[in-house]
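So the sequence shown is numbered by the numbering used here: it starts at 224 and just counts up by one. Following: one structure in structure tokens, then a few remarks.
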Amino acid sequence: MKRLPLILLAVLALVALGVFSSIVTHGFEELAKAEEDRDSLEQRKIELTENIKKYEETIEAIRTDPAAVESLARGELAMVRPGDTVILLATPTPPSGPSLTGPTPTPILSLPK
224 MKRLPLILLA VLALVALGVF SSIVTHGFEE LAKAEEDRDS LEQRKIELTE
274 NIKKYEETIE AIRTDPAAVE SLARGELAMV RPGDTVILLA TPTPPSGPSL
324 TGPTPTPILS LPK
């Protein structure tokens, strides 16, 4: 009888230790995921900063350099100057294959049922 309180105390301590370790383990998992998310966001921030720098350089070039304006107009908008000779190259299109939505062919020979 004297050992019963000690056994109950030991069981209670083990349960408390299990709950505590579960909480701590879950906290470490959340911390690892948060660090991974932070690293991903930092990488995205670097990419966006580089894009902003490129766009700012393009804007500055458009504001100051007429050749840059012409280059963008020709490249992205397919614009030409008066007097330029435009050469259009025809690209052949592959023949269309058999249509799967067309009529169903009738069989030549039918097997008896």
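All C-beta atoms, glycine included, are put in the ideal place defined by N, C-alpha and C. If you're wondering where the values come from, they're calculated on a predicted model, not measured in any experiment.
May I ask which residues mark the beginning and end of the alpha helix (DSSP H) holding residue i?
i	result
Ser244	Leu227 to Thr287
From the DSSP output, in three-state form, read off residue i for me.
i	result
Gly298	helix
Val292	helix
Which residues in the same chain have their Cβ closer than 6 Å to the Cβ of residue i, if we skip the five residues on either side of it in sequence?
i	result
Pro305	none
Ile269	none
Ala291	Ala284 and Ile285
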